[in-house]
Amino acid sequence: MGAPPRFHRYSRTPRSLAGLALALLLSATSASAASVGVCDTLNVTGNPEYPPFLWRDRDNPDQLIGVAVRLLEIALEPENITVESRYVGPWSRAQVEAQLGRVDMLTGAFITEERQTYMDYIKPPMMIMPNVIFVKKGKAFPMNSWLDLKDRHGDTLINNSFGQEFDEFAERQLSIEEVRSIEFAFERLLLGRTDYVIYELYQGYAIGEVRGFKGEIEHLPTPISSEGLYYTVSKKSPCHNQELIDFLNKRLRELVDKKAPESLVERYMTLWRKQATAIDISEISSLSTKKSRFSK
12 MGAPPRFHRY SRTPRSLAGL ALALLLSATS ASAASVGVCD TLNVTGNPEY PPFLWRDRDN
72 PDQLIGVAVR LLEIALEPEN ITVESRYVGP WSRAQVEAQL GRVDMLTGAF ITEERQTYMD
132 YIKPPMMIMP NVIFVKKGKA FPMNSWLDLK DRHGDTLINN SFGQEFDEFA ERQLSIEEVR
192 SIEFAFERLL LGRTDYVIYE LYQGYAIGEV RGFKGEIEHL PTPISSEGLY YTVSKKSPCH
252 NQELIDFLNK RLRELVDKKA PESLVERYMT LWRKQATAID ISEISSLSTK KSRFSK
């Protein structure tokens with residue numbers, strides 16, 4: 012015999028019709044979030060040095076804001092799921108938090124085999140990001156292949172990735188120092204302490220513009236790679252389920268096809284410029300470096 016209707020008690024008297032209507036409305040609202048999972052709020056984080064896609068809010072330093080957060084909010088609006096974007100530390104720390112399931116999602120990551128062991132990727136990517144070699148102005152050198160980097164020393168962020176293929180090549184062949192802050196990496200470049208910095212093209216120049224050194228750097232014309240920037244869901248998150256992943260896959264495809272990410276870029280680039288302040292050189296100089304997993 013079938014289970015009784017969920018709101019059976021409301022159908023017994025005419026007086027209860029208003030209550031029934033209200034209950035059904037509330038049920039539909041709550042079921043909307045439940046239809047793609049058990050959570051009505053998703054805690055997310057990511058790389059805090061990734062403007063205009065993601066950065067630490069100057070007005071609320073506990074939060075991350077940017078294109079990636081807003082696009083995710085738009086994607087989840089039909090299901091009434093709230094996005095809580097939190098600053099948890101540098102990019103390396105954000106990845107650990109996702110690996111442990113202490114955050115539900117990362118709002119922007121490249122695909123690597125290691126990351127796929129602890130996260131599911133939402134596809135398609137929100138955008139394709141060219142990764143380039145930045146050098147001090149006037150210090151450009153020919154680069155026809157990755158091998159042209161072998162006799163030089165480079166910097167990048169701790170635990171940053173530029174695609175599985177380049178990561179594996181760099182670990183075997185290159186000498187790259189990993190540092191906590193990309194601003195520190197550029198400072199080392201300008202002081203002549205490293206030969207190049209590897210970072211995403213748009214984000215590197217965005218940081219250079221507001222920190223006042225954009226005119227002192229340039230990039231080599233050939234990207235080392237161009238990688239898709241993806242949302243990910245932690246496999247240890249209590250919110251992880253296939254319904255949520257399928258829903259986000261569908262919604263992101265719709266938004267990417269409508270060029271929604273591109274439409275948000277200028278708005279958040281303007282906000283980033285407004286919030287950014289001149290860099291404190293003494294603060295940068297106090298940041299420590301870490302020997303890279305890429306160093307031979």
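Numbering (our numbering), first residue to last: 12 to 307. Note that the Cβ used here is the ideal one computed from N, Cα and C, for glycine as well.
| Query | Result |
| --- | --- |
| Apply the 10 Å Cβ neighbour rule to residue 119 and answer buried if 16 or more other Cβ atoms are within range, or exposed otherwise. | buried |
| For the beta strand (DSSP E) containing residue 238, list its first residue and its last residue. | 236-245 |
| From residue 187 to residue 49, what does the alpha carbon distance come to, in whole angstroms? | 42 Å |
| Alpha carbon to alpha carbon, what distance is there between residue 92 and residue 63? | 23 Å |
| In chain order, what residues of the same chain lie with their CB nearer than 7 Å to the CB of residue 224, ignoring the 5 residues before and after it? | 197 and 201 |
| Do residue 233 and residue 154 have their C-beta atoms closer together than 8 Å? | yes |
| Expressed to the nearest angstrom, what Euclidean distance is found between the alpha-carbon atoms of residue 157 and residue 163? | 11 Å |
| How long is the line joining the alpha carbons of residue 277 and residue 78, rounded to whole angstroms? | 9 Å |
| According to DSSP, what are the bridge partners of residue 95? | 54 |
| Can you list, in chain order, the residues of its chain with a C-beta nearer than 8 Å to that of residue 95? Leave out the 5 residues immediately preceding and following it. | 52, 53, 54 and 55 |
| What does the alpha-carbon distance come out to for the pair residue 66 and residue 217? | 11 Å |
| Of all the options 281, 267, 244 and 283, which has the alpha carbon lying nearest to the alpha carbon of residue 138? | 267 |
| Kindly indicate which three-state DSSP category residue 49 falls into: helix, strand or coil? | coil |
| My parser needs the alpha helix (DSSP H) runs of 4 or more residues fully inside the region 63-116; what are they? | 78-87 and 102-111 |
| At which residues does the alpha helix (DSSP H) containing residue 179 begin and terminate? | 175-184 |
| Starting from residue 228, trace the alpha helix (DSSP H) in both directions and tell me its first and last residue. | No alpha helix (DSSP H) contains residue 228, which is instead part of the beta strand (DSSP E) from 228-230. |
| Hey, residue 192 and residue 60: beta-carbon distance below 8 Å or not? | yes |
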